[in-house]
Structures are given as structure tokens and as C-alpha cells.
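For the sequence shown, counting from 1, position 135 maps to 559 in this note's numbering; every step adds exactly one.
Yeah, the Cβ is synthetic: ideal placement off N, Cα and C, and Gly gets one too.
Bear in mind that the values here come from a model prediction, so they are computed numbers and not experimental data.
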Amino acid sequence: MITGILFPCDEEQPIKRVEVDAENVETIRGIVGGSYEAFNLDSPPASFLANDEAMLWSLPFNLRATVLLWQHAKGLRSQAYISGDAILTGAPDGRGFTKSVPSELMELLLDTETYGVEFLHRPDGPWSRKAITFTEWFEAYNYAIIHEETYATVRNARVIRAE
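Set out below in C-alpha cells:
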């Protein structure tokens, strides 16, 4: 069993910690509603498992999963979209076995009350933080993405615990 985070496409439903048997294909299929594909995050190493026939079945767009994907896998920004329910897991280990979600993502998404956004303007740093504080992780991630896409001087952005 591993620990993952379920991202329902219904935004009225909260994201939540789940325990799943990641090596049982039917378990994951049951969560995402069919066969699935992995969308890999760069840092920290993690993967979204989502229905790979989402477009065929016109599954609803999963805004929260897509925003998180775009911030942690910038090469997929505006290129890949997640539809339907998705589960965030850790990246596979060297033998191909799926691991639990990295603790830093688990804590940031489920155990944090206030969020900040830091920006990197030069490759060698330092990170600078805007004074604004968010109470929802989704708002902080949106703010980070918009600033990266809007301001040429912003080379990178990250969402952090503000407490």
C-alpha cells in the first residue's frame, strides 16, 4: 500500500489522502475510471495517474490537477491537460514500483494553512518572496503560474508554506 492524494475533478469535493494498492492495476482503474497514463512531475519526483481515454469519453477537466502539473512539470504547461479524477503518487522506484507521494507535497497540499510564493529572477538565486499570503494552495499555484508566464524577469516560481 502507498499513500496518494486523490484529486476529484468535481471542484466541490476536497482533495484527500488515500491509501491504495498501486501494484493492483484494477485499483487505479477504479479510481480514475478506466485505463490510465502517468503525467510525471519534475520536482519533487511524483506522478499523476489519470484516465488515458479522458478525451474520448469527454471527462470533465480537472483544473486542480492540471494547475499542479503545470507548476511542477513546466515542460507540460499548456501542452498536457488532466481530465477526470486523478491520483497523485510518488514516482516509480528503480524497479518500476510506484511509491507514496513525497512528504513535502503531502504536507504542502494537505497540512498547510497559509501559502507564499517565491520567485527566482537569476539562475544563481536568491529566491525572493512576495508579501502576499494565500489561504488556499490552488490560489498560490495560480499566482505563481501567472507571474511566470507574465513577467520576463521571473525565471522560476515555487509555492511554499508561509507559516
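Beta-carbon gap between Tyr575 and Thr557 smaller than 8 Å: Thr557 is positioned such that its CB atom lies no closer than 8 Å to that of Tyr575.
Helix, strand or coil for Ile501, going by three-state DSSP, please let me know. As written in the sequence, residue 501 is Arg, which differs from the Ile given in the question. DSSP places Arg501 outside both helix and strand once states are collapsed to three, so it counts as coil.
Rounded Cβ spacing between Gly518 and Asn486 (contact assumed at less than 8 Å): The Cβ separation is near 29 Å, so there is no contact.
Beta-carbon proximity of Leu430 to Leu465, cut-off 8 Å: No, these two residues do not count as a Cβ contact at 8 Å.
Under DSSP, the beta strand (DSSP E) around Val525 begins and ends at which residues? The continuous stretches of beta strand (DSSP E) do not include Val525, and DSSP gives it neither H nor E.
Please classify His496 as buried or exposed, where buried requires at least 16 neighbouring CB atoms within 10 angstroms. The residue is buried, with at least 16 neighbouring Cβ atoms inside 10 Å.
Cα-Cα separation between Asp445 and Met425, rounded to whole angstroms: Answer to the nearest angstrom: the Cα atoms are 5 Å apart.
How many whole angstroms separate the CB atoms of Arg488 and Phe562, which I take to be in contact at a CB cut-off of 8 Å? That pair is a contact at about 6 Å.
Going by DSSP in three states, Trp481 sits in which element: helix, strand or coil? In the structure shown, Trp481 sits in coil (DSSP, three-state: anything other than H, G, I, E or B).
Answer with buried or exposed for Thr559, where buried requires no fewer than 16 other C-beta atoms within 10 angstroms of its C-beta. With fewer than 16 Cβ atoms within 10 Å of its Cβ, Thr559 is classed as exposed.
Own chain residues within Cβ distance below 6 Å of Ser524, not counting five before or after: Cβ within range, chain order: Ile426, Thr427, Gly514.
Taking only the alpha-carbon atoms, compute the straight-line gap between Pro468 and Lys498 and give it to the nearest angstrom. In this model, Pro468 and Lys498 are separated by some 12 Å (Cα to Cα).
Tell me the rounded alpha-carbon separation between Phe463 and Glu587. About 30 Å.
Whole-angstrom C-beta distance between Glu531 and Ile584, which should lie under 8 Å: Not a contact, Cβ separation roughly 11 Å.
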